[in-house]
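Here's the structure, in structure tokens; my notes come after.
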Amino acid sequence: MSKSELPKIISRQEDGSYTVHDQVIHFVDGHKRYIKGVKYIWENEMLHLVTENENEFIINKDNVLFVQRRLEFKNDSF
1 MSKSELPKII SRQEDGSYTV HDQVIHFVDG HKRYIKGVKY IWENEMLHLV
51 TENENEFIIN KDNVLFVQRR LEFKNDSF
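The numbers in the sequence shown follow my numbering, run straight up by one, and end at 78.
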């Protein structure tokens, strides 16, 4: 996969390595989804999240309010 195919890269590094972050997807209807171990995210018409285990989540961007890196959350329910 080339960099040109990844217009919005959050966790991928310039040397091709990556850092892994847990992400919380905030949906427009108020729901949240926690996805563990995301190594990169990019957007086209859909939001794509790829985990370190190569699991891919594809979400309609119209349903997503924003994506948040999960660091230290207290009292969050998912």
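Glycine residues also receive a C-beta, built at the ideal position from the N, C-alpha and C atoms.
Being a predicted model, the structure only gives us computed values, none of them experimental.
Below 8 Å on the Cβ atoms is my guess for E22 versus K36; work out the distance and round it to an integer in Å.
The amino acid at residue 22 is misidentified as Glu; the sequence shows Asp. Between K36 and D22 the Cβ distance is about 5 Å, and since that is below 8 Å, they are a contact.
For F27, I'd like the list of residues in its chain whose CB is within less than 8 Å of its CB, leaving aside the five on either flank, ordered along the chain.
R33, N63, V64, L65
Among M46, G30, V67, which has the Cα closest to the Cα of I59?
M46
What is the C-beta distance between V50 and K39, in whole angstroms, given that I count them as a contact (C-beta under 8 Å)?
6 Å
Taking I41 and V20 to be in contact with their CB atoms under 8 Å, please state how far apart those CB atoms are, rounded to whole angstroms.
Not quite, the Cβ-Cβ distance comes to about 12 Å (not below 8 Å), so this is no contact.
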